[in-house]
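Participant: Numbering (our numbering), first residue to last: 6 to 332.
The C-beta atom is built at its ideal place from N, Cα and C for all residues, glycine as well.
Remember, predicted model here, so these are calculated numbers, not experimental data.
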C-alpha cells in the first residue's frame with residue numbers, strides 16, 4: 006500500500022475517534038453536573054477545567070475565552086474552528102483524509118463521513134448544541150459508531166482496514182489514559198489520598214466517559230471504587246476501551262500488515278507494541294499504584310506516541326507532508 010494512503014486512512018480513523026471521545030466526555034460532564042447540583046462555583050469550574058486539561062489545550066482556550074464556563078468549554082470542544090481538536094475540525098480533517106483515499110474506502114464510508122461533516126458544519130449544529138446539548142453529543146457518538154460498523158461491514162479486511170484500526174486503537178488508548186490521569190490529579194478532592202474514599206458519582210462518570218459503566222457493573226457487582234475502576238480501564242483483557250485491549254489489538258494489526266509472527270517483531274513499531282503488550286499482560290494494579298498512577302499513565306501515553314512515530318517511520322516516511330492533513 007502507498008505510504009500516502011496508509012497515512013490518510015490512519016489519520017481519518019484517529020480523527021473520527023477523537024471527535025467521538027470529545028463528544029462523550031462533554032456529555033458525561035453535563036450529566037455529572039446535574040447529579041452534583043450542590044457543587045460550589047469553584048468546584049463546578051474545576052469540572053469544566055478538567056475537560057480542557059484532558060485535551061491539553063489550556064493555553065489555547067485561555068487565548069480565546071476570557072472566562073471558564075460550560076458554554077465556553079462546549080463551544081471550544083465542539084464547534085471552535087481555531088481549536089484543531091474540536092469536533093468540527095476533527096471531522097473536517099477526517100473528511101479531507103478520506104477524500105484523498107476515495108479509491109480505498111467504500112462509498113458507504115464516504116457518505117457517512119460526509120453526513121457527520123455536513124451536520125457539524127451547518128447552522129443546525131449550533132442550534133442543536135444550544136437547545137439540547139445531549140442530543141448533539143448523541144448524534145456525534147452515534148455517527149462515529151455507524152462509521153465503524155459500516156467500515157467493518159463494507160471494507161475488505163486487508164492492509165487498509167488494519168491501518169484504520171490502528172488509528173482508532175491508538176487514539177482510544179490515549180483517551181482512556183488521559184481520562185484516568187485527569188481524574189486523579191484534577192478532580193480528586195484536595196487532601197484526599199489517591200485510592201481513598203472518592204465520590205462514587207464521579208467514578209461512575211469516569212466509566213461513562215469510556216462507555217464502560219454497564220460492562221463494569223456486570224463484572225463488579227459491588228461498589229464503584231477507584232482501584233477497581235482503574236484496574237478495569239487499564240488491564241481488562243476483553244473490554245474494547247481498556248488500554249490493554251487496545252494495545253493487544255493494535256499489536257495484532259501491525260503484525261497482520263507485516264506478515265510476521267506475533268511472537269517476533271519485524272520492525273520497530275512491532276517491537277514497541279509487543280513490549281507494551283507484554284507489560285500490560287503481566288502488570289498488577291498494586292504495581293501500578295506503587296509506581297504512581299500519574300507516572301504510569303504518562304509513560305503509557307509516551308509509549309503510544311512512540312508506537313505511532315515508529316509506524317510512520319516504517320510505512321509512511323516517504324510521504325510528502327503536504328499530501329494529507331495530520332496533527
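Check for me: the alpha helix (DSSP H) holding residue 286 runs from which residue to which?
Facilitator: First-last of the alpha helix (DSSP H) with residue 286: 273-287.
Participant: Do residue 16 and residue 102 have their beta-carbon atoms positioned less than 8 Å apart in this structure?
Facilitator: Cβ atoms of residue 102 and residue 16: closer than 8 Å.
Participant: Let me check understanding here. Comparing Cα to Cα, which of 41, 232, 244, 83 lies closest to residue 223?
Facilitator: Considering only alpha carbons, the answer is 244.
Participant: Tell me which same chain residues have a C-beta within less than 8 Å of the C-beta of residue 22, skipping the five on either side of it?
Facilitator: Here the set comprises 149, 172, 173, 176, 177, 180.
Participant: Does DSSP put residue 99 in a helix, a strand or coil?
Facilitator: In the structure shown, residue 99 sits in a helix (DSSP, three-state: H, G or I).
Participant: Using a Cβ-Cβ cut-off of 8 Å (strictly less than) and excluding sequence neighbours within five positions of residue 303, which residues of its own chain qualify?
Facilitator: These residues qualify, in order along the chain: 186.
Participant: Is it the case that the Cβ atoms of residue 285 and residue 249 are separated by a distance below 8 Å?
Facilitator: Cβ distance < 8 Å, so residue 285 and residue 249 count as in contact.
Participant: Among residues of its own chain, excluding the 5 on either side of residue 27, which ones have a beta-carbon nearer than 6 Å to its beta-carbon?
Facilitator: Cβ neighbours of residue 27 beyond the five flanking positions: 82, 92.
Participant: Can you tell me where the alpha helix (DSSP H) holding residue 189 begins and where it ends?
Facilitator: Element bounds for residue 189: n/a, residue is neither H nor E.
Participant: Hey, out of 125, 292, 209, 309, whose CA is closest to residue 252's CA?
Facilitator: Residue 309 is the option with its Cα nearest to residue 252.
Participant: Within 10 angstroms of the Cβ of residue 25, are there 16 or more other Cβ atoms? Answer buried if so, exposed if not.
Facilitator: Buried, because 16 or more other Cβ atoms sit within 10 Å of the Cβ of residue 25.
Participant: Classify residue 161 as helix, strand or coil using the three-state DSSP reduction.
Facilitator: The answer is coil: DSSP assigns residue 161 none of H, G, I, E or B.
Participant: Excluding sequence positions up to five away, which residues of its chain have a Cβ less than 6 Å from the Cβ of residue 20?
Facilitator: Counting only Cβ-Cβ distances below 6 Å, and skipping sequence neighbours, we find 95, 98, 99.
Participant: Candidates 162, 212, 132, 233: which alpha carbon is nearest residue 294's?
Facilitator: When only C-alpha atoms are compared, the closest one is 233.
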